[in-house]
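Just below is one structure, and these are the notes that go with it.
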Amino acid sequence: MTDRQILRLSGADTRSFLQGLITNDINGVDKGIVYAAMLTPQGKLVADFFLSAYDNDILLDVASNLADTLIKRLALYKLRANVDVRRTDLTVQRGIGDIPFGAWPDPRHPDLGWRGYGLALDAAAEPDWDAIRVTHCIPESGIELTPDTFILEARFEALSGVDFRKGCYVGQEVTARMKHRTELRKGLRRVRITGSAVSGTEITANGKPAGTLHTRSGDMAIAYLRLDRARGPMMAGGAAVELLWLALSPAHLPGHHPRHKGGTMCNLARQRAAPNCADWNTEKTYTYNRRKELNAT
Numbered sequence: 001m002t003d004r005q006i007l008r009l010s011g012a013d014t015r016s017f018l019q020g021l022i023t024n025d026i027n028g029v030d031k032g033i034v035y036a037a038m039l040t041p042q043g044k045l046v047a048d049f050f051l052s053a054y055d056n057d058i059l060l061d062v063a064s065n066l067a068d069t070l071i072k073r074l075a076l077y078k079l080r081a082n083v084d085v086r087r088t089d090l091t092v093q094r095g096i097g098d099i100p101f102g103a104w105p106d107p108r109h110p111d112l113g114w115r116g117y118g119l120a121l122d123a124a125a126e127p128d129w130d131a132i133r134v135t136h137c138i139p140e141s142g143i144e145l146t147p148d149t150f151i152l153e154a155r156f157e158a159l160s161g162v163d164f165r166k167g168c169y170v171g172q173e174v175t176a177r178m179k180h181r182t183e184l185r186k187g188l189r190r191v192r193i194t195g196s197a198v199s200g201t202e203i204t205a206n207g208k209p210a211g212t213l214h215t216r217s218g219d220m221a222i223a224y225l226r227l228d229r230a231r232g233p234m235m236a237g238g239a240a241v242e243l244l245w246l247a248l249s250p251a252h253l254p255g256h257h258p259r260h261k262g263g264t265m266c267n268l269a270r271q272r273a274a275p276n277c278a279d280w281n282t283e284k285t286y287t288y289n290r291r292k293e294l295n296a297t
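In this text, residue positions in the sequence shown follow this note's numbering: the first is 1, and each later residue adds one.
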């Protein structure tokens, strides 16, 4: 991949430095790749990235067009911490199927396969990554993820990109408030498109703005929606738009969700007992109303 920049962070304070800045637990790199983000104090996205252990250092895999911004932000917070940040010429390899030696599973979803850095691998055909992302509503830097993004609206909890038990980080207060004190009114969702509509097209419901269309693959797409207006028919230009249910993320499978320590599947009964499950909390009103509609037919 040529659209990624790999940074190498070294120094005695590297882990403690990152722990106070990123949305996820840096110590997860001892077990594989960690997906995380850096936020502004107002809780909005600076950059999303992948972190992995590299000898005694940390590799940070970020979109190339965000690298300069991220380096400047890291320098702003570094102060006297013993941390050195430098660019590398390492490249990113991705694939699906058997995981080669030196690579790790992509932490966001099993269907995204694996990631590796600087591996000597033969060239292989690239999967249709956009189709995979759309199927599982997985956002991408510069498309669905922008400087206006709040990570919970972008499904970071379902993508294993945030840890609510790790302690403080920049933007944590806003993120925690959105998690525990409010019900999300906007967010990324998967939709079905019937007709012609391109990324960036405004979505309307009954003539009112309801969101924006993003990545499209076939007749499905990722859309950023006002959830209170996404319960019925919608339009994107001349195309019809229908909200689709999301499949359960890996975080909701047995033993993976922190609220499901007993290994119980996230079903309707568990959702009533643990209403803050990532995909459930923001769709429960739609789901309830949709079930009533189906039962009435």
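Where a beta carbon is used, it is the ideal one built from N, C-alpha and C, also for glycine.
All values derive from a computational prediction rather than experimental measurement.
* So Asp55 packs on Ile6, CB below 8 angstroms; how close in whole Å? -> The count along the sequence shown starts at 1 and reaches residue 55 at position 55. The count along the sequence shown starts at 1 and reaches residue 6 at position 6. Actually they are not in contact, since the Cβ atoms of Asp55 and Ile6 sit about 14 angstroms apart, beyond 8 angstroms.
* To do: Report whether the distance from the Cβ of Ala154 to the nearest heavy atom of the ligand NAD is below 7 angstroms.
  => The ligand NAD is absent from the structure shown, which contains no ligand whatsoever.
* Taking the C-alpha atoms as reference points, what is the distance between Ala223 and Ile203? -> Here residue 223 corresponds to residue number 223 of the sequence shown, with the count starting at 1. Here residue 203 corresponds to residue number 203 of the sequence shown, with the count starting at 1. Rounded to whole angstroms, Ala223 to Ile203 spans 8 angstroms at the Cα level.
* Which same chain residues, not among the five before or five after Ala47, have their C-beta less than 6 angstroms away from its C-beta? -> As a first step, residue 47 must be located in the sequence shown, where it is residue number 47. Only Met38, Val62, Leu66 and Leu70 meet the Cβ criterion.
* Report buried or exposed for Glu183, applying the criterion of at least 16 other Cβ atoms within 10 angstroms of its Cβ. => Here residue 183 is taken as the residue at index 183 of the sequence shown, counted from 1. Result: exposed.
* Asked: With a CB to CB cut of under 8 angstroms and the five nearest residues on each side skipped, what residues in its chain are close to Asp111?
  -> Residue mapping note: residue 111 aligns to position 111 of the sequence shown, counting from 1. Answer for Asp111: Ile96, Ile132, Thr135 and His136, listed in chain order.
* How should Leu171 be labelled, buried or exposed, when 16 other C-beta atoms within 10 angstroms of its C-beta is the threshold for buried? -> What you label residue 171 is simply residue 171 of the sequence shown in a count that begins at 1. Position check: residue 171 holds Gly in this sequence, whereas Leu was assumed. Result: buried.
* Closest to Asp13 by CA distance: which of Ala205, Asp148 and Arg80 is it? -> Sequence index remark: in the sequence shown, residue 13 carries index 13 (1-based). Answer by Cα proximity: Arg80.
* Asked: In whole angstroms, what is the alpha-carbon distance linking Glu144 and Asn27?
  -> Against the sequence shown, residue 144 aligns to sequence position 144. Against the sequence shown, residue 27 aligns to sequence position 27. Taking the straight line joining both Cα atoms gives about 28 angstroms.
* Whole-angstrom distance between Thr91 and Ser298, CA atom to CA atom -> Nothing can be reported for residue 298, as the shown portion of the chain is limited to 1 through 297.
* Asked: Does the distance from the C-beta atom of Ala239 to that of Gly195 stay below 8 angstroms?
  -> Within the sequence shown, the letter at position 239 stands for residue 239. Within the sequence shown, the letter at position 195 stands for residue 195. In contact: Ala239 and Gly195 (Cβ atoms closer than 8 angstroms).
* Asked: What separation, rounded to the nearest whole angstrom, lies between the Cα atoms of Val198 and Asn206?
  -> The residue labelled residue 198 in the question sits at position 198 within the sequence shown. The residue labelled residue 206 in the question sits at position 206 within the sequence shown. So the two alpha carbons sit approximately 20 angstroms from each other.
* Pick helix, strand or coil for Lys42, following the three-state DSSP scheme. => In the sequence shown, the residue the question calls residue 42 occupies position 42. Looking at the sequence itself, residue 42 is Gln, so the reference to Lys does not match. If DSSP states are grouped into helix, strand and coil, Gln42 belongs with coil.
* Asked: Are the beta-carbon atoms of Lys72 and Phe150 separated by less than 8 angstroms?
  -> In the sequence shown, the residue the question calls residue 72 occupies position 72. In the sequence shown, the residue the question calls residue 150 occupies position 150. The answer is no: Cβ separation not under 8 angstroms.
* Integer-rounded CB distance, given that Ser10 should sit under 8 angstroms from Asp57 -> Here residue 57 is taken as the residue at index 57 of the sequence shown, counted from 1. Here residue 10 is taken as the residue at index 10 of the sequence shown, counted from 1. With a Cβ gap of about 4 angstroms, Asp57 and Ser10 count as contacting.
* CA-CA distance, Gly200 and Thr2? -> Start at 1 with the first residue of the sequence shown, and residue 200 comes out as number 200. Start at 1 with the first residue of the sequence shown, and residue 2 comes out as number 2. Rounded to the nearest angstrom, the two C-alpha atoms are 24 angstroms apart.
* **Identity of the residue in Thr23, Leu18, Arg231 and Ser16 nearest Arg155 by Cα** => Taking the sequence shown and counting its residues from 1, the one referred to as residue 155 is at position 155. Measuring from the Cα of Arg155, the nearest candidate turns out to be Thr23.
* How is Lys72 classed by DSSP in three states: helix, strand or coil? -> Counting from one through the sequence shown, the residue named residue 72 turns up at place 72. Here Lys72 sits in helix by DSSP.
* I think Lys179 touches Asp25, with their Cβ atoms under 8 angstroms apart; what is that distance to the nearest whole Å? -> Taking the sequence shown and counting its residues from 1, one reaches residue 179 at position 179. Taking the sequence shown and counting its residues from 1, one reaches residue 25 at position 25. Not a contact, Cβ separation roughly 16 angstroms.
* Ends of the alpha helix (DSSP H) at Trp245? -> For the purposes of this step, residue 245 is taken as residue 245 along the sequence shown, with counting starting at 1. Run containing Trp245: none; DSSP gives neither H nor E here.
* Same chain, Cβ closer than 7 angstroms to Pro41, five either side skipped, listed in chain order -> To locate residue 41, count along the sequence shown from 1; it is residue 41. Only Val170 and Gly171 meet the Cβ criterion.
* **Top-ranked residue by Cα proximity to Arg192, from Pro139, Leu243, Tyr117 and Gly113** => The residue given as residue 192 occupies position 192 in the sequence shown. Out of Pro139, Leu243, Tyr117 and Gly113, Leu243 has the C-alpha closest to the C-alpha of Arg192.
* Between Leu74 and Val85, which are expected to be in contact by the criterion C-beta below 8 angstroms, what is the C-beta distance as a whole number of angstroms? -> For the purposes of this step, residue 74 is taken as residue 74 along the sequence shown, with counting starting at 1. For the purposes of this step, residue 85 is taken as residue 85 along the sequence shown, with counting starting at 1. Their Cβ separation, rounded to whole angstroms, is 5 angstroms, which keeps Leu74 and Val85 in contact under 8 angstroms.
* Who pairs with Met235 in a beta bridge, going by DSSP? -> In the sequence shown, the residue the question calls residue 235 occupies position 235. The partner list for Met235 (beta bridge, DSSP) reads Thr204 and Ala240.
* Compare the beta carbon distance of Leu188 and Glu153 with 8 angstroms and say whether it is the shorter of the two. => On the sequence shown, position 188 is the one that residue 188 refers to. On the sequence shown, position 153 is the one that residue 153 refers to. Going by C-beta atoms, Leu188 is nearer than 8 angstroms to Glu153.
* Asked: Would DSSP call Asp128 helix, strand or coil?
  -> For the purposes of this step, residue 128 is taken as the residue at position 128 of the sequence shown. The answer is coil: DSSP assigns Asp128 none of H, G, I, E or B.
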